[in-house]
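For any residue, its number in the numbering used here is found by taking its place in the sequence shown, counting from 1, and adding 488.
This report refers to the structure that appears directly beneath it.
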Amino acid sequence: MNRKMTALVIGNASYPGQELKNSTNDAEDMYTALSEFGFSVIHLSNATQREIDEAVKSFRDNLNSNDIGLFYFAGHGMQINGENYITAVDTDFGTEIDAKYSSYPLNKVIEIMEKSGNKTNIIILDACRNNPYERAWHRAPAQRGLAPLFAPKGTIVAFATSPGEVAGDGVGRNGCYTEALLKHIKSPDIPIEEMFKRVRNSLAVLTKSKQTSWEHTSLSGDFFFNISLVSSIGKYGKESIADNLFNVKAGIRLHGVITKLKSHDWYIQTPAARSIKTEDINQSDIDSVFVLGRNIYQAACGGAHGASEFISSFRDKTHDIIEELRSAILDGMLFEIFFNSNGELRDNFKTSKFNSVFELQRYSEFDESFKFISDILAIYPNKFHIIPGKNRNVSVDVETIINDKDEYKVIGVYLGGVNLLRQDEDFGYYEDEGVVPYEALRKLAFERRLSEEMLIPNAKLTINFDFAADGQSKILFPYGHTVAK
């Protein structure tokens, strides 16, 4: 399921004379959560009125090319003559008039979202915090905070408080409302209205019932922030998606093979892989065959030659298998590259046999399997330079400098004009007086490294060097660096 989603997330805290405790943290954590769901996010912290205006214009452009739009604001909000405004860090709070014309009208955001071409809009406002500037204007309590507003068709508006209430700061990193929101937004397969009900219940506990969140919705369909893999795939059951739950049954020959492939012992795995029979697969259920594919791949990555042989000669070995079950084996191998035994996206992808499997992308008979994996991975666009499985050719440019030994130091790997080379935050290494050590690679090894780190198959990746590279060229890659997303 490829959902096109965009968001604008703003957190303002540095107000003149009154720093808010949580709002920039709230926005930062919402940015992280939404990015994980696949939103493309514009994120602002401590934004001026001009910066908000520019961001809203960019957001407007994004809305027209996406299906889902989301606007989140944490900071001071206020109503003036029944109209709602979100405030900037340079808002002039001297008088109501000054504040009105140096803030940003919320109705403008709502109208932009309403008139865009997308299907669903979500507005979340953690903006009813205790505002000392309003008190200085000697306002009645009923005039403080945000005024009620109604959601246009296809829109849900969520407030941190009910009308007339004030949102409380949290005792930790987040404000009470966003703390409750972050607690429930990742719950899988929960419609957004149900999710906000859970937020309301948690908020009541956090604030001892002093704060009640409120929503107005005109959504005509269901929206889920977190769609579980089982729900999005549909083709395979939860025990095969999270295959640590898979029930291996005694007496079923294929299950015996799966057990042996799970042994992490080459001397058991290799003969098990070589013993796989077409008739056993053709008599099995689709989930068992999917799990078989997963374990063939993991055994091959662990060094079991029999499993590697199965992958390299996949077309021949599976020629007589029922088409649906043949696809299930390949689906399982592809899935294992990217997902762990809990059915979660891996922190580190399993790439040692990546190119061996993706070699099969050349053959149209396997198109459905590569569409299967690309559709799943499309949920995580921020994890990849190019969604794996898409039949797309990619060209990168390698920038080097030559040293006095005729070795070529890599200083840049460019995709679309952007340098992908960066220090790997998960990889510690020692620099001697600020000098980065380098790892020497021949051309083929360097190309394989780029392919596996970028998750773009060798056959789909063109690497352009700024020198006449050949098989004997010595290429120096900076130690502790990567081109992975």
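Note that CB positions come from ideal geometry on N, CA and C, so glycine has one too.
All values derive from a computational prediction rather than experimental measurement.
Between the beta-carbon of residue 746 and that of residue 779 there is about 6 Å, and that keeps the pair under the 8 Å contact cut. Inter-segment contact for the stretch 527-536 and the stretch 876-883 is absent: fewer than three beta-carbon pairs are separated by less than 8 Å. Contact check between the stretch 698-706 and the stretch 722-733: fewer than three CB pairs, one atom from each, fall below 8 Å, which does not count as touching.
Excluding the 5 residues flanking it on each side, residue 796 has same chain C-beta neighbours closer than 8 Å at 788, 841, 844, in chain order. When secondary structure is reduced to three states using DSSP, residue 806 falls in the coil class, being assigned neither helix nor strand.
Looking at the DSSP output, residue 721 shares a beta bridge with no other residue.
Collapsing the DSSP output to three states places residue 529 in a strand. Around the beta carbon of residue 935, 16 or more other beta carbons sit within 10 angstroms, so the residue counts as buried.
Shortest Cα-Cα distance from residue 946 to any of 743, 793, 850, 686 involves 850.
Runs of the alpha helix (DSSP H) lying entirely within the stretch 642-716 and spanning at least 4 residues, in chain order: 664-672, 680-694.
The three-state secondary structure of residue 508, taken from DSSP, is coil.
The continuous alpha helix (DSSP H) containing residue 938 extends over residues 931-942. Going by DSSP, residue 639 is part of no alpha helix (DSSP H) at all; its letter is neither H nor E. Cα atoms of residue 665 and residue 767: separation of roughly 57 Å, rounded to the nearest angstrom. The stretch 546-566 makes contact with the stretch 506-516: 3 or more CB pairs, one atom from each, lie closer than 8 Å. Rounded to whole angstroms, the gap between the alpha carbons of residue 595 and residue 572 is 7 Å. The C-beta separation of residue 565 from residue 615 comes to about 3 Å, placing the pair in contact by the 8 Å criterion. Burial is judged here by how many other beta carbons sit within 10 angstroms of a residue's own beta carbon; residue 549 has fewer than 16 and is exposed. Comparing alpha-carbon positions, the option among 874, 678, 588, 901 lying closest to residue 569 turns out to be 588. Of 791, 724, 727, the smallest CA-CA separation from residue 755 is found for 791. The stretch 953-963 makes contact with the stretch 885-897: 3 or more CB pairs, one atom from each, lie closer than 8 Å.
By a beta-carbon distance limit of 8 Å, residue 929 does not contact residue 884. Their separation comes to about 16 Å. Pairing residue 777 with residue 817 gives a Cβ-Cβ distance under 7 Å. Secondary structure at residue 883: strand, using DSSP grouped into helix, strand and coil. Residue burial is scored here from C-beta neighbours: residue 669 has at least 16 other C-beta atoms within 10 angstroms and is therefore classed as buried. Straight-line measurement puts the Cα of residue 786 at about 31 Å from the Cα of residue 713. Distance from residue 758 to residue 794 at the Cβ level is roughly 3 Å; contact confirmed, criterion being Cβ atoms closer than 8 Å. Counting other Cβ atoms within 10 Å of its Cβ, residue 554 reaches 16 or more and is therefore classed as buried. Nearest Cα to residue 770 within the set 782, 784, 762, 741: 741. Counting other Cβ atoms within 10 Å of its Cβ, residue 699 reaches 16 or more and is therefore classed as buried. Of the residues assessed, residue 765 falls on the exposed side of the cut-off, its CB having fewer than 16 other CB atoms within 10 angstroms. The shortest C-alpha to C-alpha distance from residue 578 to any of 505, 547, 602 is the one to 505. With contacts defined by Cβ atoms closer than 7 Å, residue 546 and residue 870 do not form a contacting pair. Taking the CA atoms as reference points, residue 875 sits about 15 Å from residue 525. Inter-residue distance for residue 924 and residue 527 is about 35 Å (C-alpha atoms, whole angstroms).
No Cβ-Cβ contact shorter than 7 Å links residue 680 with residue 638.
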